[in-house]
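Heads up: the sequence lines are chains A and B, in that order.
First residue of the first sequence? That's 2 in this note's numbering, and the numbers climb one at a time after it.
First residue of the second sequence? That's 227 in this note's numbering, and the numbers climb one at a time after it.
Yeah, the Cβ is synthetic: ideal placement off N, Cα and C, and Gly gets one too.
From a predicted model like this one, the values you see are computed outputs, not experimental measurements.
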Amino acid sequence: MRLTELLRTSAFRLTLGYLAVLAIFAFAGFRYLYSESLEALQIESRQIVAAELEGLAEHYRTFGPLRLANVIDGRSRYGGRSLYLLVDRRGRKTAGNLASWPEAAQGPGTWHDFHYRRAHDDQPPHRHTARAYVANLPGGFRLLVAHDIDEEIALSRRIVIFGAAAGGLIVLAGLAAGILVSRDLRRRAEAVDETGRRIMEDGDLSRRVPVTGRGDEFDDLATSVNRMLARIEVLMAELREVTDNIAHDLRRPLARLHARLEDVLRGPAETGAYRDALERSVAEVRELMDSFNTLLAIARAESGPASMLPVDLAGLAEDLVELHAPLAEERGVALEFTAAGPAPDLEGQPELLAQALSNLIDNALKYTPSGGRVSVVVGPSGVSVADSGPGIAPEDRERALDRFVRLDPSRHLPGNGLGLALAAAAARRHQARLVLTDATPDQTSPGLKASLEFAPS
Amino acid sequence: MLDILIIEDDAETAAYTARGLREDGHRVETAANGPDGLEAARDGGFDVLVVDRMLPVLDGLSLVRSLRAEGDRTPVLFLTALGSVGDRVKGLNAGGDDYLVKPFAFAELRARIEALARRRTPVATETDVTIGDLEIRRLERVVYRAGTLLPLKPKEFRLLEVLAEHAGRVVTRTMLLEQVWDYRFDPGTNVIDAQISRLRAKIDRGFDRPLLHTVRGVGYRLAAD
Numbered sequence: 002m003r004l005t006e007l008l009r010t011s012a013f014r015l016t017l018g019y020l021a022v023l024a025i026f027a028f029a030g031f032r033y034l035y036s037e038s039l040e041a042l043q044i045e046s047r048q049i050v051a052a053e054l055e056g057l058a059e060h061y062r063t064f065g066p067l068r069l070a071n072v073i074d075g076r077s078r079y080g081g082r083s084l085y086l087l088v089d090r091r092g093r094k095t096a097g098n099l100a101s102w103p104e105a106a107q108g109p110g111t112w113h114d115f116h117y118r119r120a121h122d123d124q125p126p127h128r129h130t131a132r133a134y135v136a137n138l139p140g141g142f143r144l145l146v147a148h149d150i151d152e153e154i155a156l157s158r159r160i161v162i163f164g165a166a167a168g169g170l171i172v173l174a175g176l177a178a179g180i181l182v183s184r185d186l187r188r189r190a191e192a193v194d195e196t197g198r199r200i201m202e203d204g205d206l207s208r209r210v211p212v213t214g215r216g217d218e219f220d221d222l223a224t225s226v227n228r229m230l231a232r233i234e235v236l237m238a239e240l241r242e243v244t245d246n247i248a249h250d251l252r253r254p255l256a257r258l259h260a261r262l263e264d265v266l267r268g269p270a271e272t273g274a275y276r277d278a279l280e281r282s283v284a285e286v287r288e289l290m291d292s293f294n295t296l297l298a299i300a301r302a303e304s305g306p307a308s309m310l311p312v313d314l315a316g317l318a319e320d321l322v323e324l325h326a327p328l329a330e331e332r333g334v335a336l337e338f339t340a341a342g343p344a345p346d347l348e349g350q351p352e353l354l355a356q357a358l359s360n361l362i363d364n365a366l367k368y369t370p371s372g373g374r375v376s377v378v379v380g381p382s383g384v385s386v387a388d389s390g391p392g393i394a395p396e397d398r399e400r401a402l403d404r405f406v407r408l409d410p411s412r413h414l415p416g417n418g419l420g421l422a423l424a425a426a427a428a429r430r431h432q433a434r435l436v437l438t439d440a441t442p443d444q445t446s447p448g449l450k451a452s453l454e455f456a457p458s
Numbered sequence: 227m228l229d230i231l232i233i234e235d236d237a238e239t240a241a242y243t244a245r246g247l248r249e250d251g252h253r254v255e256t257a258a259n260g261p262d263g264l265e266a267a268r269d270g271g272f273d274v275l276v277v278d279r280m281l282p283v284l285d286g287l288s289l290v291r292s293l294r295a296e297g298d299r300t301p302v303l304f305l306t307a308l309g310s311v312g313d314r315v316k317g318l319n320a321g322g323d324d325y326l327v328k329p330f331a332f333a334e335l336r337a338r339i340e341a342l343a344r345r346r347t348p349v350a351t352e353t354d355v356t357i358g359d360l361e362i363r364r365l366e367r368v369v370y371r372a373g374t375l376l377p378l379k380p381k382e383f384r385l386l387e388v389l390a391e392h393a394g395r396v397v398t399r400t401m402l403l404e405q406v407w408d409y410r411f412d413p414g415t416n417v418i419d420a421q422i423s424r425l426r427a428k429i430d431r432g433f434d435r436p437l438l439h440t441v442r443g444v445g446y447r448l449a450a451d
């Protein structure tokens with residue numbers, strides 16, 4: 002991964018931001034700690050110097066310059082880290098272990114850091130740093146007391162080095178972690194990205210985003226994207242099927258219509274024949290339109306959102322039975338409605354369900370011979386329409402729900418072969434099933450029982 | 227005679243429809259887009275507006291909404307290629323009075339236009355309607371023919387009532403399905419014809435002059451002539 006790519010990843014940018022904030026706070030904290038410990042070290046050396054100076058000045062005031070020089074010489078010989086220099090009014094050294102008055106330490110009453118050379122432990126003299134305080138004594142004497150602060154400086158230097166090293170390590174580790182995390186996240190985001198790009202390239206909706214099985218948020222995302230893809234795939238397949246079917250199914254009647262009209266045109270130019278052909282053509286176009294509308298209704302039932310309303314299944318069935326009652330009577334078929342227990346509580350599209358149930362009743366009346374019976378029963382599982390017609394052989398039942406399937410080979414009854422298909426689509430729309438069974442299995446005419454069975458809610 | 231405005235962008239449909247309505251003796255104006263149609267409708271004087279839902283520049287829904295907002299109550303019949311329940315509800319909510327899905331039979335359009343125009347006359351709201359010797363008392367929901375009480379079931383009464391509201395004019399099968407049963411789908415084979423036969427058996431059987439007439443290929447008409 003190149004640096005520019007790395008910088009573009011959100012994970013790395015987040016890491017950088019995090020590191021920057023961490024560095025600012027760590028630096029501030031370190032500085033505070035550093036100045037506090039420096040202060041503590043300085044207080045110690047200053048207290049030593051101040052105490053000695055105070056003592057020596059007191060000595061001078063009490064015993065005079067000679068005794069002071071003796072004391073200083075005594076202390077100087079003692080070695081250690083204290084430095085002394087007493088000069089007279091002409092600046093000549095009277096006592097002390099410093100060779101000359103340091104340039105940097107002039108005025109009294111304030112602290113001065115200065116460098117001096119010093120030999121110890123049999124090593125050649127090298128540069129030391131000391132902190133000095135100067136006091137002007139009566140009689141023109143000037144006294145300088147200093148304390149070697151090399152250790153103090155070394156310690157503070159060590160603190161700085163340690164802090165810098167720790168800070169550097171934190172930043173490096175952070176950057177490394179950032180790079181690793183960015184790489185990993187990027188790889189996983191790329192997996193989603195890659196799938197999407199390939200689908201856009203070749204339209205193959207069967208592709209899926211890989212799921213690692215770690216169960217993290219990327220897996221959640223991948224699962225959700227995959228579920229969406231699966232849904233789109235199903236919808237696309239359905240859409241393709243519907244358009245294919247409509248195109249295929251309307252081609253045949255259109256061709257027939259076309260042939261008839263051409264046939265009439267080829268024939269003799271008689272008003273009567275024209276009129277007859279036109280009337281039949283208009284009727285055929287109407288049938289075609291009905292088929293088309295039903296196909297659209299099926300397609301609409303099978304896809305797309307719809308507003309859901311409460312459905313009174315029993316009321317709906319009763320109304321439809323009442324609507325079909327005179328027709329049944331004309332045909333000598335007994336049409337009955339029975340409420341066998343409470344209907345299921347439904348939310349759905351009442352009009353679509355009414356149309357589905359109407360188709361079932363219409364079908365039953367169509368295939369039931371005179372003297373037979375059709376009974377519509379509403380119960381807790383849904384609604385069923387049973388007739389005493391010839392029924393449908395078990396092997397044909399699944400096919401009977403397809404579009405444009407007409408099992409009656411003679412086709413002497415009107416219909417477009419879409420009634421059961423629409424009822425089945427309406428059932429699917431309501432998470433219900435359209436089940437075809439024998440109404441009276443033991444008899445020679447088994448009849449058909451078409452049930453809309455709703456899943457218990 | 228009715229004054230009818232057709233607002234329809236498909237010139238051929240508009241021309242056929244206008245010609246058919248003129249042959250019936252109506253005065254017809256046409257407009258080919260929304261703004262022209264709105265302007266013509268605002269000039270007023272029409273008994274019925276026939277409005278296509280999808281029009282160039284200003285769509286039919288917005289056009290009717292504007293008219294209604296201005297207080298214009300002229301009956302509107304929407305023509306549309308959109309036939310779903312939701313589309314119909316949208317059309318009626320915008321202020322449409324009826325809704326006809328394309329393609330339609332001309333006779334269906336004619337019957338609906340005449341029904342809409344009639345809605346403005348008080349016939350539809352009268353409590354008692356008399357057609358020949360048929361007397362419909364809407365408050366008590368009873369019917370007499372030549373002084374004899376006819377035993378009608380509730381739905382049969384409603385069927386007769388709808389026919390009576392449009393007395394003298396054709397009512398189509400789909401209009402009956404919509405107004406009596408509130409169904410917007412075609413329940414198929416001859417259900418309405420059978421319903422009418424049963425009603426006819428109750429109101430016309432045994433009387434010399436039939437009142438309930440079949441208009442072949444279109445629908446039914448209740449009239450004393």
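Close partners of Pro327 (chain A) in chain B (Cβ separation under 9 Å): Val417, Asp419, Ala420, Gln421, Ile422, Ser423, Arg424 and Leu425. DSSP, read as helix, strand or coil, puts Lys379 (chain B) in coil. Along the region 287-316 of chain B, going in chain order, the ones with a CB nearer than 8 Å to a CB of chain A are Gly309, Ser310, Val311 and Gly312.
At a C-beta separation below 7 Å, Tyr409 (chain B) has these neighbours in chain A: Ala355.
Counting only Cβ-Cβ distances below 8 Å, Ser371 (chain A) has no contacts in chain B at all, with the closest Cβ about 14 Å away. In this structure Asp313 (chain B) does not touch Asp291 (chain A) by the C-beta definition: roughly 18 Å separates them, more than the 8 Å allowed. Boundaries of the alpha helix (DSSP H) harbouring Glu249 (chain B): Ala237 to Glu249, taken from the DSSP string. Between the alpha carbons of Asn227 (chain A) and Leu240 (chain A) lies a distance of about 20 Å.
Around the beta-carbon of Val161 (chain A), fewer than 16 other beta-carbon atoms lie within 10 Å, marking it exposed.
Between Asp74 (chain A) and Gly141 (chain A), the C-beta gap is not smaller than 8 Å, which leaves the two residues out of contact.
Approximately 6 Å separates the beta-carbon atoms of Ile362 (chain A) and Leu321 (chain A); this is inside 8 Å, confirming the contact. Annotation for Ile362 (chain B): Val355, Val369 and Ala390 place their beta carbon closer than 6 Å to its own, counting only its chain and skipping 5 residues before and after. Contact between the region 246-264 of chain A and the region 297-311 of chain B is not established, with fewer than three Cβ pairs separated by less than 8 Å.
With contact defined as three or more Cβ pairs closer than 8 Å, the region 164-174 of chain A and the region 102-115 of chain A are not in contact. Residue pairing for Asp149 (chain A): DSSP places it in a beta bridge opposite A:Ala131. When the alpha-carbon of Val406 (chain B) is set against those of B:Lys328, B:Arg431 and B:Lys379, the nearest one is in B:Lys379.
Listed in chain order, the beta strand (DSSP E) elements of length 3 or more contained wholly in the region 293-346 of chain B are 302-306 and 324-327. In the structure shown, the three-state DSSP call for Asn137 (chain A) is strand. By DSSP's assignment, Asp229 (chain B) forms a beta bridge with B:Arg253. Taking a C-beta distance under 8 Å as the contact criterion, Pro343 (chain A) and Gly383 (chain A) do not qualify as a contact pair.
For Thr213 (chain A), the three-state secondary structure derived from DSSP is coil.
Between Leu402 (chain A) and Ala422 (chain A), the C-beta spacing is below 8 Å. Going by DSSP, Ser11 (chain A) is part of the alpha helix (DSSP H) stretching over Ser11 to Phe64. Taken in chain order, the whole alpha helix (DSSP H) runs of length 4 or more contained in the region 313-380 of chain A are 314-332 and 351-368. Taken through DSSP and simplified to helix, strand or coil, Arg3 (chain A) comes out as coil. The beta carbon of Asp236 (chain B) does not come within 8 Å of any beta carbon belonging to chain A, so the residue lies off that interface.
Between Gly414 (chain B) and chain A, the shortest Cβ-Cβ separation is below 8 Å. As computed with DSSP, Ser83 (chain A) is found in a beta bridge with A:His148.
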